[in-house]
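Inspection log for the structure reproduced underneath, given as structure tokens.
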Amino acid sequence: MKEFKKNRLEDLKILIHLGENYQTGTPFKIIFSAEGYQTKKFVCSYDGENYENCQAAADNHILCLLDNHNLDAGYLQVQLMLWVADGSMPDGTMRLVSKERVVVTNDAEEKCYLVLTSGKSDSKEVTEFTIDLLGNMFRGEKGDKGDKGDKGDKGDTGDTGEKGDKGDKGDTGETGATGPQGPRGEQGAKGDKGDTGEKGDKGDKGDKGDKGDTGEVDITFTKTDEENDIYVCEM
71 MKEFKKNRLE DLKILIHLGE NYQTGTPFKI IFSAEGYQTK KFVCSYDGEN YENCQAAADN
131 HILCLLDNHN LDAGYLQVQL MLWVADGSMP DGTMRLVSKE RVVVTNDAEE KCYLVLTSGK
191 SDSKEVTEFT IDLLGNMFRG EKGDKGDKGD KGDKGDTGDT GEKGDKGDKG DTGETGATGP
251 QGPRGEQGAK GDKGDTGEKG DKGDKGDKGD KGDTGEVDIT FTKTDEENDI YVCEM
């Protein structure tokens with residue numbers, strides 16, 4: 071429900087309906103306070119003879135005059151106490167009590183909670199509020215049970231709610247079994263020839279081999295000049 075704000079230092083007039091069955095002359099006490107703060111209260115009462123901070127109005131209404139009420143900021147709540155004549159009670163009266171937030175109608179005819187605030191009022195024009203309180207407090211004899219009403223039409227589908235927060239990540243599941251090996255794929259195309267690698271470093275010099283065996287030499291001397299004894303060597 072919406073809120074209707076009034077500065078807490080402003081005076082208020084609140085018209086309260088006590089219900090169609092209220093008996094004129096029945097004592098009552100109406101206690102106003104800010105919700106959550108019970109130390110400061112404003113009391114309107116009627117003891118059967120005198121009215122205090124209120125006055126009777128038409129059709130079982132009571133006009134409560136909250137003059138210099140000095141109530142705290144917060145939702146304005148009202149408590150109604152009635153003392154109804156009852157000869158079966160030792161003190162001769164039955165005390166009835168009701169307590170609720172004050173609900174008023176704003177400029178747009180919307181029901182709102184009346185909130186006392188330290189800030190700006192929603193309207194300076196609205197100074198008097200009318201609320202129904204305990205319209206059924208005084209009940210007559212119980213009537214016969216009425217016929218069952220017709221089933222109402224199906225209401226419109228409500229708006230989709232906002233998306234909730236993302237939940238925590240769940241635990242990692244167990245690893246599944248290894249599946250069967252798939253068929254062997256086709257051989258891929260032959261890749262391009264790679265670039266020639268850089269020339270490697272020169273290797274270490276090898277060890278000197280063993281000396282071979284001395285071979286035999288076949289030498290033939292042929293004399294070519296008998297006079298001068300000259301020979302030719304042939305190998």
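Under my numbering, the letters of the sequence shown match residues 71 to 305, in that order. Even glycine gets a Cβ: it sits at the ideal position worked out from N, Cα and C.
Taking C-beta to C-beta, are residue i and residue j nearer than 9 Å?
{"i": "L136", "j": "F98", "result": "no"}
{"i": "L85", "j": "H139", "result": "no"}
{"i": "A155", "j": "L186", "result": "no"}
{"i": "S188", "j": "N176", "result": "no"}
{"i": "G118", "j": "G95", "result": "yes"}
Could you name the residues of the same chain whose beta carbon sits closer than 7 Å to that of residue i, not counting the 5 residues immediately before and after it, in chain order?
{"i": "E180", "result": "K72"}
{"i": "A178", "result": "none"}
{"i": "L141", "result": "R78, F102, S103, A104, K110, F112 and L186"}
{"i": "M249", "result": "Checking the displayed sequence, the identity of residue 249 turns out to be Gly instead of Met. Cβ within range, chain order: n/a, list empty."}
{"i": "T163", "result": "W153, V154, A155 and D156"}
Let's see if you can read the secondary structure: which residues bound the beta strand (DSSP E) around residue i?
{"i": "E73", "result": "K72 to N77"}
{"i": "H131", "result": "H131 to L136"}
{"i": "Y145", "result": "G144 to A155"}
{"i": "K272", "result": "Taken as a continuous stretch (DSSP letters only), K272 belongs to no beta strand (DSSP E), as it is neither H nor E."}
Rounded to the nearest angstrom, how far is the Cβ of residue i from that of residue j, given a contact under 8 Å?
{"i": "S191", "j": "K75", "result": "6 Å"}
{"i": "A104", "j": "L146", "result": "6 Å"}
Note down, in chain order, each residue of its chain lying with its Cβ closer than 8 Å to the Cβ of residue i, except the 5 sequence neighbours on either side.
{"i": "T227", "result": "none"}
{"i": "T197", "result": "Unreliable positioning characterises T197 in this predicted model, as indicated by a pLDDT of 47, which lies under 50. A coordinate reading is not provided."}
{"i": "C182", "result": "M71, K72, E73, F74, V173, V174, T175 and N176"}
Might you give, ordered along the chain, the residues of its own chain that have their beta carbon closer than 6 Å to the beta carbon of residue i, omitting 5 neighbours on each side?
{"i": "M151", "result": "K99 and V167"}
{"i": "N206", "result": "Residue placement at N206 cannot be trusted, given a pLDDT of 42 that sits under 50; the coordinates are not used to answer."}
{"i": "Q149", "result": "I101 and K169"}
Spell out whether any CB of chain C is found under 9 Å from the CB atom of residue i.
{"i": "L79", "result": "No chain C appears in this structure, which consists of one protein chain only."}
Legend entry - Validate contact between the segment 164-178 and the segment 114-132 using beta carbons, cut 8 Å, 3 pairs: no
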